[in-house]
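I have placed the structure first, in the form of structure tokens, so that the comments after it can refer back to it.
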Amino acid sequence: MKFCPSCGSGLNYHVPAGDDRHRFVCTACEEIHYVNPRVIVGCVPIHQGRVLLCKRAIEPRLGYWTLPAGFMENGETSLQGAARETWEEARARVTDMQLYRIFDVPHISQVHMFYRCQVQDGAYGVGPESSASGFYAETEIPWDEIAFPVIRETLQEYFADALSGQFPVRVSVIDRRLRSTA
Ligand SMILES: [Zn+2]
Numbered sequence: 068m069k070f071c072p073s074c075g076s077g078l079n080y081h082v083p084a085g086d087d088r089h090r091f092v093c094t095a096c097e098e099i100h101y102v103n104p105r106v107i108v109g110c111v112p113i114h115q116g117r118v119l120l121c122k123r124a125i126e127p128r129l130g131y132w133t134l135p136a137g138f139m140e141n142g143e144t145s146l147q148g149a150a151r152e153t154w155e156e157a158r159a160r161v162t163d164m165q166l167y168r169i170f171d172v173p174h175i176s177q178v179h180m181f182y183r184c185q186v187q188d189g190a191y192g193v194g195p196e197s198s199a200s201g202f203y204a205e206t207e208i209p210w211d212e213i214a215f216p217v218i219r220e221t222l223q224e225y226f227a228d229a230l231s232g233q234f235p236v237r238v239s240v241i242d243r244r245l246r247s248t249a
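This is how it looks when you write it as structure tokens:
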């Protein structure tokens, strides 16, 4: 951030009085511009035991498979955002959404949230950010072509949980070391 979003003046980067970390502070209007983590919301959309995956038509990881997910927008709930992304990327309407998985990724200041859900009528399509989409059973998933480690981990856990019919909410941390080896 170089210029104040409020008045357009230059910014300083320092620890404001009473704070304990560096912030962007406007040199003119003195407004403090906080930069906080971003939330990525997505779905694990299910129909008859298969999971809906999308093939990415955009970078990063173009041509690799993923669950529908993306950045949460202002003014929406995490649940609404996950449903919206699933419509945008896979043209699927989802029902019965249940929080399933949270990943904290502190080194890039992100939080990823995934909801388990059902796909209404099993209907889906291909949104503009995807080049293909479809329902996959565990043995049909292109495991070597999954876009991100968090997606692979979520899918593996889902199919393991499906055997027992128990879907506990899990929270874990992705750190640099895991990311570089995954
Ligand atoms: Zn300003």
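Numbers in the working numbering are just positions in the sequence shown, counted from 1, shifted up by 67. Virtual Cβ for every residue (Gly too), placed ideally from N, Cα, C.
Check: Using the beta-carbon count (16 or more within 10 Å), is Leu230 buried or exposed?; Outcome: exposed
Check: For His89 versus Cys71, is the C-beta distance shorter than 9 Å?; Outcome: no
Check: Report all residues from its chain with a CB closer than 6 Å to the CB of Thr248; omit the five preceding and five following residues, and keep chain order.; Outcome: Legend: pLDDT at Thr248 = 42, less than 50; position of this residue unreliable, value from coordinates given subsequently. Excluding positions up to five away in sequence, the list is empty.
Check: Consult DSSP for Gln185 and reduce its assignment to one of helix, strand or coil.; Outcome: strand
Check: I need the straight-line Cα distance from Arg123 to Glu205, nearest angstrom please.; Outcome: 19 Å
Check: Would you say the beta carbon of Glu97 is closer than 8 Å to some non-hydrogen atom of ligand 1?; Outcome: yes
Check: When DSSP labels each residue in this structure, what does Ser76 get in the three-state scheme?; Outcome: coil
Check: Go ahead and pull the three-state DSSP assignment for Thr153.; Outcome: helix
Check: Give the range of the alpha helix (DSSP H) segment to which Leu230 is assigned.; Outcome: 216–231
Check: Within the same chain, show all residues whose beta-carbon is closer than 8 Å to that of Asp92, passing over the 5 residues directly before and after it, in chain order.; Outcome: As written in the sequence, residue 92 is Val, which differs from the Asp given in the question. Answer for Val92: Leu78, Asn79, Tyr80, His81, Pro83, Glu98, Ile99, His100, listed in chain order.
Check: Less than 9 Å between the C-beta atoms of Phe170 and Val108, yes or no?; Outcome: no
Check: Is Cys110 near ligand 1, judged by its Cβ being under 8 Å from some heavy atom?; Outcome: no
Check: Which word fits Pro135, buried or exposed, when buried means at least 16 other C-beta atoms lie within 10 angstroms of its C-beta?; Outcome: buried
Check: So is Ala199 buried or exposed if we call it buried at 16+ other beta carbons inside 10 Å?; Outcome: exposed
Check: Compute the beta-carbon to beta-carbon distance between Gly189 and His114, rounded to the nearest angstrom, for a pair I have assumed lies under 8 Å.; Outcome: 4 Å
Check: The beta strand (DSSP E) with Pro112 in it runs from where to where?; Outcome: 105–114
Check: Any chance the CB of Cys121 is under 8 Å from a heavy atom of ligand 1?; Outcome: no
Check: Under 8 Å, with one C-beta from each stretch per pair, do the segment 161–176 and the segment 230–240 reach the 3-pair mark?; Outcome: yes
Check: Skipping 5 residues on each side, what residues in its chain have a beta carbon closer than 7 Å to that of Pro104?; Outcome: Ser176, Gln177, Val178
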